[in-house]
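Chains as they are written, first to last, in the numbering used here: chain A, 1 to 184; chain B, 185 to 368; chain C, 369 to 552; chain D, 553 to 736.
Glycine included, every Cβ here is placed at the ideal spot set by N, Cα and C.
Structure record follows, encoded as structure tokens.
4 protein chains.
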Amino acid sequence: MRVLVMGASLRPGSFNVTLAELAAAMLRDRAVEVDLARYAEFLVPGYDAGVEVADGVPEGARRFAERLQAVDAFVLVSPEYNASVPGTLKNLVDWVSRLKPQPFWGHHGLLLSASPRLTGGNRGLWALRVPLEHLGARMFPEMVSVAQADEAFTVDGRLADENQAKRLVRTIDGFLELVSAVRR
Amino acid sequence: MRVLVMGASLRPGSFNVTLAELAAAMLRDRAVEVDLARYAEFLVPGYDAGVEVADGVPEGARRFAERLQAVDAFVLVSPEYNASVPGTLKNLVDWVSRLKPQPFWGHHGLLLSASPRLTGGNRGLWALRVPLEHLGARMFPEMVSVAQADEAFTVDGRLADENQAKRLVRTIDGFLELVSAVRR
Amino acid sequence: MRVLVMGASLRPGSFNVTLAELAAAMLRDRAVEVDLARYAEFLVPGYDAGVEVADGVPEGARRFAERLQAVDAFVLVSPEYNASVPGTLKNLVDWVSRLKPQPFWGHHGLLLSASPRLTGGNRGLWALRVPLEHLGARMFPEMVSVAQADEAFTVDGRLADENQAKRLVRTIDGFLELVSAVRR
Amino acid sequence: MRVLVMGASLRPGSFNVTLAELAAAMLRDRAVEVDLARYAEFLVPGYDAGVEVADGVPEGARRFAERLQAVDAFVLVSPEYNASVPGTLKNLVDWVSRLKPQPFWGHHGLLLSASPRLTGGNRGLWALRVPLEHLGARMFPEMVSVAQADEAFTVDGRLADENQAKRLVRTIDGFLELVSAVRR
Chain A
1 MRVLVMGASL RPGSFNVTLA ELAAAMLRDR AVEVDLARYA EFLVPGYDAG VEVADGVPEG
61 ARRFAERLQA VDAFVLVSPE YNASVPGTLK NLVDWVSRLK PQPFWGHHGL LLSASPRLTG
121 GNRGLWALRV PLEHLGARMF PEMVSVAQAD EAFTVDGRLA DENQAKRLVR TIDGFLELVS
181 AVRR
Chain B
185 MRVLVMGASL RPGSFNVTLA ELAAAMLRDR AVEVDLARYA EFLVPGYDAG VEVADGVPEG
245 ARRFAERLQA VDAFVLVSPE YNASVPGTLK NLVDWVSRLK PQPFWGHHGL LLSASPRLTG
305 GNRGLWALRV PLEHLGARMF PEMVSVAQAD EAFTVDGRLA DENQAKRLVR TIDGFLELVS
365 AVRR
Chain C
369 MRVLVMGASL RPGSFNVTLA ELAAAMLRDR AVEVDLARYA EFLVPGYDAG VEVADGVPEG
429 ARRFAERLQA VDAFVLVSPE YNASVPGTLK NLVDWVSRLK PQPFWGHHGL LLSASPRLTG
489 GNRGLWALRV PLEHLGARMF PEMVSVAQAD EAFTVDGRLA DENQAKRLVR TIDGFLELVS
549 AVRR
Chain D
553 MRVLVMGASL RPGSFNVTLA ELAAAMLRDR AVEVDLARYA EFLVPGYDAG VEVADGVPEG
613 ARRFAERLQA VDAFVLVSPE YNASVPGTLK NLVDWVSRLK PQPFWGHHGL LLSASPRLTG
673 GNRGLWALRV PLEHLGARMF PEMVSVAQAD EAFTVDGRLA DENQAKRLVR TIDGFLELVS
733 AVRR
């Protein structure tokens, strides 16, 4: 099985990138082939219908779609901005959705988030589910939002809290079980 | 495969019950064993923690949970009330969620809606996804909302518009394919 | 100025009722005439179009509408059930919305929540905004969700945490300022 | 009274720009001073915390914030992308929200949408409300979403359908009434 994992933050040491790396390591431990993508590989300008007509969908979005086509499932790790999805990530989704056949359709996805706040990034993930499900992605119902992320990780990038670590294990295992079943 | 189908309306001839019956017929045509439930079988009072402590979860919610446990997947057909989920259906979900093990967890679900409005019942379905996914149900991303339902059905309960009929076929087939794969 | 305040829980000592009583006390301190309503005064059966045709809108919903008509603004204090609005409260809103003229239209409202969870009841409040705004209520943008409510209140029903107490003061003062301006 | 009006589309003849121009004309008829902004004046790159630290908030977002500070209220006319807010508009909001004092706080806003779809752009507007209300903007509950926008406008940019035209008049008048009351 192959899985694309991306932390949707441009800052190298961001909590969301750290969580993406942890998820990637957990997947590799479970014999999954992981494509750990950097968000900076998919930079695109703001959506502009005029640009689309003149120049087509930009390179960054095409590249994301190709990486998505090459895997069985994807894991997005996204911060929450203003109680919703980051505009920059939604903009990438908007561009990708313009390709035909529509790249998200039928793909299985899992959403994670890390946030320094007490309340985590759960609202951002719910806002991100809507366009992805609208595009036909099959989003796993369980999502993990790591709260107080500034204290959540050990120096070697694992989750310090045992319950939270267990919850992440359970969620990833449940997701892989579903994707395996569908692949067979 | 066994599927529970319920139109969440108490009115016998309601558009949502009509659509539930159509979905049930389509499932039976695909060799699925259908439990076509009537909403009236699951009447419960408004959630009240005091009642729960004194008398436990009411009979209607227990019955719904049993029917859910006996199937591989469920189809809910729900009207939209005030741009959201009907309070009465959410209240049934609230009661059912109090049972242990939590009955929705891991169950595959599909949401449909019928509405006399031009805009259909899509917002109600999105509002209904949230608690169901929160409870761990694996909701199918595609949903069908039949708009202008007062003109949408033929006298024998099929969809008059060919494109809409095709969309319903495609959605139900996609859902069954997923549930079959997971069952194997 | 007159304000209706209701904690949407039937349990007398519930955190949401405690928070409603605190809000009511704060409003009285600001020379507002408060109608502190008990949720049990507005018990209604699950919405049923057949019942509506036969018997009209039930007494509990009519009573709520009358109380709403008699005030300049309302404060609802609601728990969160399954990441969304309690079905029982949404059901009351559904019944109230059947009255003509529609009772919520143009009324200013404020939403508060108390929850034993770390994450508070914020998602429930966002889900409650949608039908109320759909019905034309003018919901105040700021909302206060008291997290870890089992430790949040002092024995005399005030908020133990100074920052949280200040936030509630600021929100209520902002709300009253808006309602006063509109009344003039 | 001064109101900022912006259609969040870069295409000059887009339905949303047409609707923004109609709203601007209606406001001027009501003796409101209108700042009709073009979306292209506020182009910003995707949010990047590194860029923010190095170079601060980009010019486009600062300019939007200044225009917002100079008015009593704002009207945003936004398309719906993938059942949600356009990523590019959310990204502008994300950048603007980084300025201190936070520019949206306490500002009154109205949301409109135009869409060629039968179902209009209502879901996009609801998704846009969340971050704006989170940022403390006081969003007017009524919103107008012009469906089937390719046939909705007359050649001189008015709404062809009388009921829809009346609804827009009622919504704008209600909004102005509220903003006037609060200004006094």
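- Its Cα nearest to that of L677 of chain D, the residue D:S665 stands out among D:L651, D:S665, D:Q654 and D:D725.
- Restricted to the stretch 73-138 of chain A, the alpha helix (DSSP H) segments that are unbroken, complete and at least 4 residues in length are 87-96 and 122-134, listed in chain order.
- Distance from the CA of G455 of chain C to the CA of K468 of chain C, rounded to the nearest whole angstrom, comes to 23 Å.
- Nearest Cα to I356 of chain B within the set B:G305, B:M327, B:A365 and B:E243: B:M327.
- Taking 8 Å as the cut-off between beta carbons, the residues of the stretch 678-705 of chain D near chain B are W678 and A699, in sequence order.
- Here E448 of chain C is not near G418 of chain C, since their CB atoms are 7 Å or more apart.
- Residues V5 and A24 of the same chain have their beta carbon placed closer than 6 Å to that of L36 of chain A, with the five preceding and five following residues left out of the count.
- Taking 7 Å as the cut-off, the beta carbon of L641 of chain D is found closer than this to the beta carbon of A560 of chain D.
- By the neighbour-count criterion, in which a residue is buried when 16 or more other Cβ atoms sit within 10 angstroms of its Cβ, L486 of chain C is exposed.
- Residue contact check for N643 of chain D against chain A: a CB pair falls below 7 Å.
- For G428 of chain C, the enclosing alpha helix (DSSP H) stretches over residues E427 to Q437.
- Using a CB distance cut-off of 7 Å, N450 of chain C counts as an interface residue toward chain B.
- Here DSSP, grouped into helix, strand and coil, assigns G174 of chain A to helix.
- Q253 of chain B and P287 of chain B do touch by the CB rule: their CB atoms are close to 6 Å apart, below 8 Å.
- Selection D:E729, D:P597 and D:G658 evaluated against F543 of chain C yields D:G658 as nearest (Cα-Cα).
- Apart from the 5 residues on each side of it in sequence, L206 of chain B sits with its Cβ closer than 6 Å to the Cβ of G341 in its chain, given in chain order.
- At the C-beta level, G13 of chain A and F42 of chain A stay beyond 7 Å of one another.
- In the structure shown, R212 of chain B adopts helical secondary structure according to DSSP, grouped into three states.
- The way I'd put it, the stretch 138-154 of chain A doesn't touch the stretch 514-534 of chain C; fewer than three beta-carbon pairs between them come closer than 8 Å.
- For the stretch 652-674 of chain D, the beta-carbon criterion of a distance under 8 Å to any beta-carbon of chain B is satisfied by L670, T671, G672 and N674.
- Considering only A:V179, A:L10, A:E177 and A:N82, the residue with the shortest C-alpha distance to V648 of chain D is A:N82.
- Neighbours of A233 of chain B across chain C, judged by C-beta separation under 9 Å: S377, L378, R379 and S382.
- The criterion of a C-beta distance shorter than 7 Å is not satisfied by V596 of chain D and S84 of chain A.
- In the three-state DSSP reduction, E21 of chain A falls in the helix class (H, G or I).
- When C-alpha distances from V93 of chain A are compared across A:A20, A:L19, A:H108 and A:Y47, the shortest belongs to A:Y47.
- Looking at the DSSP output, V373 of chain C bridges to C:L404 and C:V443.
- Using a Cβ-Cβ cut-off of 7 Å, S281 of chain B is close to N450 of chain C, given in chain order.
- DSSP places V512 of chain C in the uninterrupted beta strand (DSSP E) bounded by V512 to V514.
- Sequence-distant partners of A441 of chain C (beyond 5 residues in either direction) whose C-beta falls short of 6 Å from its own C-beta, in its chain, are V371, H476 and V547.
- At a cut-off of 7 Å between beta-carbon atoms, D239 of chain B makes no contact with chain C.
- According to DSSP, residue pairing for F337 of chain B in a beta bridge involves B:L343.
- Contact between E133 of chain A and P325 of chain B is confirmed by a C-beta separation of about 4 Å, below the 8 Å threshold.
- Non-local C-beta neighbours of A65 of chain A in its own chain, meaning closer than 6 Å and more than five positions away in sequence, comprise V96, L99 and P103, ordered along the chain.
- For V627 of chain D, the closest alpha carbon among the candidates D:A606, D:V609, D:E585 and D:R614 is that of D:E585.
- Using a Cβ distance threshold of 7 Å, A689 of chain D and V629 of chain D do not count as a contacting pair.
- With its beta carbon less than 7 Å from one in chain A, D646 of chain D belongs to the interface.
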